[in-house]
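For reference, the structure discussed in these notes is given below.
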Amino acid sequence: EVARELLRLAEERSDVAAQVAGCHAVGAALFQLGELVESCAHLTRGIANYDPERDRASGSAYSIDSRVICLYWLSQALLTLGHPDQARARTEESVACARELAHPTSVAHALCSVCFTYQRLGLRREAQAEAELLISLAQEQGFPLWGAAGMVIHGWALADGGQIDEGIEEIRRGLAQYIATGAELWLPDFLALHAEAHRQAGQAAAGLSILADALERVARSGRRWIEPELHRLKGELLLALPEADTTEAEACFRHAIAIARERNARMLELRTATSLARVWRESGRTGDARELLAAVYDWFTEGFDTADLKEAGALLNELTSAPPHSRARSRRPAGAPVNNPG
């Protein structure tokens, strides 16, 4: 509400620089609330109205350059909506913009952005390298919040690469440092990574306890965008218990898919459909699994080299009696038009 009031006042006064600030404030809040399409519209408008000369001082006024922050939130919205290539391009653009400005907090925010994007794309080595740069910059400049974010992503990369105990410990230290700053915004995201690392370590009960904390924080804050992923992870952890609770896990996956569809969160829907399709395959429901997964997978027009789409594509090929290469028909040719995120 406050962000919308800022934007309204800026429009009344024909203050375009203030409109850019209003657009990134509204767009960021809408993303958190899970209103992804409207978020994209405001952030795209903010970028279009940004003037490199007029708004060059926005980093000093708002601590982070307006274009950098618009690009960050836009990249996260695009990725969640199911446009991973566009998301990666936007987040890398934010890093280039921040480095050109040579504004330390903008550079830190942009590096944090690229860490998040690479992590969500499953690009472990790239995420680890950027996290190391972020940690180094944070130590040099005295930025505990961004240093904490870098530690969590670096810990995720270690765990994902097989150094699970070391990764869990680094995530734990990053979380403690982040909480010590008084920040809340990224806690559900970080707790999800912590829970996933515990699943990899064979500690499903600990992971479920961490997820309960994350879900409680989401319910309290209204930070709904990540809700489908938290329910998906809960389902995976229920399956990883010594006595797997398949019925409850399937309920979690169904709930996650319903929320993702309501919010047009195609990437989160695909990830959860892959999880549910595996459960159905194991119970002999191969046809249902194939139909569920194909309906989501065939929507995508880009990002076929990303981890989620590779995983979904491989499972879809297993679920169909046709040869693997026949699935190529669902992939759009290079250079084909991309659906408008709206």
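Each step along the sequence shown adds one to the number in the working numbering, with nothing skipped, and position 277 is 272.
Note that CB positions come from ideal geometry on N, CA and C, so glycine has one too.
Just so it is clear, the structure is predicted and the values come from calculations on it, not from any experiment.
Could you spell out where the alpha helix (DSSP H) holding residue i opens and where it closes?
i	result
ARG278	With the sequence shown as reference, residue 278 is identified as Ser, and Arg is not the correct amino acid for it. Taken as a continuous stretch (DSSP letters only), SER278 belongs to no alpha helix (DSSP H), as it is neither H nor E.
SER61	61 to 76
THR242	241 to 257
ILE166	159 to 175
PRO237	Premise fails: PRO237 is in no alpha helix (DSSP H) and is neither H nor E.
LEU304	302 to 314
SER131	119 to 136
ALA100	Here the sequence assigns Thr to residue 100, which means Ala is not the residue at that position. Looking at the DSSP string, the run of the alpha helix (DSSP H) that includes THR100 is 99 to 115.
GLU211	199 to 216
ASP80	79 to 96
PHE185	182 to 195
ALA154	139 to 155
GLU0	-3 to 7
For residue i and residue j, which I take to be in contact (beta-carbon distance under 8 angstroms), what is that distance rounded to the nearest angstrom?
i	j	result
HIS226	HIS193	With a Cβ gap of about 17 angstroms, HIS226 and HIS193 do not count as contacting.
ALA152	ALA122	5 angstroms
ALA260	LEU288	About 16 angstroms; that fails the 8 angstroms criterion.
ALA178	GLU224	Not a contact, Cβ separation roughly 20 angstroms.
GLU297	PRO79	6 angstroms
VAL21	LEU2	6 angstroms
GLU127	HIS149	7 angstroms
SER61	GLY77	No, SER61 and GLY77 are not in contact; Cβ-Cβ is about 26 angstroms, not under 8 angstroms.
LEU31	ALA72	5 angstroms
LEU233	GLU243	5 angstroms
HIS189	ILE159	Contact flag wrong, Cβ pair sits at about 12 angstroms.
VAL213	ILE221	7 angstroms
LEU74	CYS107	About 15 angstroms; that fails the 8 angstroms criterion.
SER89	SER70	7 angstroms
THR315	ARG285	6 angstroms
LEU25	ARG219	Not really, about 10 angstroms apart at Cβ, beyond 8 angstroms.
How about residue i: is its C-beta nearer than 8 angstroms to some C-beta of chain C?
i	result
GLY150	The structure shown contains no chain C, having only a single protein chain.
I want to know whether the segment 111 to 118 touches the segment 128 to 135 - three or more CB-CB distances under 8 angstroms. no
Would the segment 137 to 150 and the segment 169 to 178 be scored as touching if the rule is three or more Cβ pairs under 8 angstroms? yes
Count Cβ pairs between the segment 234 to 246 and the segment 55 to 71 that sit closer than 8 angstroms; are there 3 or more? no
I want to know whether the segment 30 to 47 touches the segment 13 to 20 - three or more CB-CB distances under 8 angstroms. yes
My parser needs the alpha helix (DSSP H) runs of 4 or more residues fully inside the segment 22 to 56; what are they? 31 to 44
Should the segment 83 to 99 be regarded as contacting the segment 274 to 282, the criterion being three or more beta carbon pairs within less than 8 angstroms? no
Can at least three beta-carbon pairs, one atom from the segment 74 to 92 and one from the segment 295 to 302, be found at a separation below 8 angstroms? yes
Kindly confirm or deny that the segment 253 to 271 and the segment 280 to 296 touch, where touching means at least three C-beta pairs closer than 8 angstroms. yes
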